[in-house]
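Here is the structure we will look at.
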């Protein structure tokens with residue numbers, strides 16, 4: 003089955019010079035006044051590197067053109083994913099997760115150029131274990147004025163690329179992978195978390211039953227609330243090598 007969309011293709015943001023040209027894991031949302039907010043983990047050097055930041059671009063003409071890149075959040079360690087969630091009017095939230103990129107050295111570190119790789123190693127050498135531990139995990143921030151001001155960064159118990167959803171009853175729901183106790187990565191089961199206070203505190207309401215042997219193959223969940231109130235969730239499954247995949 004093929005689906006053809008009547009779409010116009012354009013460019014949200016392009017950086018053609020320098021090292022900070024990699025953008026990944028985008029999301030998009032439309033605010034109450036029609037403003038489109040496009041977000042990504044941007045100004046990166048590679049898929050796995052220590053320099054990712056939460057970046058946003060805004061369009062006032064329904065996506066025809068976008069304004070200049072704005073950094074919405076940047077930590078010392080790598081900020082990955084950018085969920086953008088419209089919450090009514092000029093209010094919206096962004097979500098991300100942060101990791102201590104040092105755990106990927108010698109494995110999934112994607113800086114192939116020797117000079118650039120050394121630059122990354124030198125930068126990560128300035129991190130302390132305490133700082134990395136404090137910043138690692140899943141987070142969100144909320145703005146009520148279209149991105150001019152933000153709340154503090156709020157820790158979440160789960161993470162997914164497109165963040166949480168606003169349910170019909172006004173609660174926020176977040177279907178995501180749980181972080182392990184060291185906050186070093188999304189190694190936990192897929193869980194459903196709920197916030198009754200606009201995202202400042204969260205509680206786990208349920209968990210998707212997945213066997214311990216295959217838990218590492220399930221990633222990037224998201225859900226929709228149907229008209230009858232049913233929550234329909236989808237989960238990416240990474241096919242292992244023995245089943246014909248590449249993992």
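Numbering (the working numbering), first residue to last: 3 to 249.
The C-beta atom is built at its ideal place from N, Cα and C for all residues, glycine as well.
Here residue 84 is near residue 42, since their CB atoms are less than 7 Å apart. The beta carbons of residue 95 and residue 33 sit no closer together than 7 Å.
By the criterion of at least three beta-carbon pairs nearer than 8 Å, the stretch 47-57 is in contact with the stretch 119-134. For residue 120, the enclosing alpha helix (DSSP H) stretches over residues 116-126. Residue 24 has 46 as its beta-bridge partners, per DSSP. The residue from 238, 78, 40, 157 with its alpha-carbon nearest to that of residue 129 is 78. Rounded to whole angstroms, the separation of the alpha carbons of residue 82 and residue 226 is 23 Å.
The residues 159, 160, 176, 204, 206, in chain order, have a CB closer than 6 Å to that of residue 195 in the same chain once the five nearest residues on each side in sequence are set aside. Minimum Cα-Cα distance from residue 199 among the listed residues 180, 46, 173 corresponds to 173.
Residue environment analysis places residue 163 among the buried positions, since at least 16 neighbouring C-beta atoms fall within 10 angstroms of its C-beta. Only buried fits residue 166, as 16 or more other CB atoms lie within 10 angstroms of its CB.
Boundaries of the beta strand (DSSP E) harbouring residue 80: 80-88, taken from the DSSP string. Just measuring C-alpha positions, the residue of 31, 7, 28, 45 sitting nearest residue 18 is 45.
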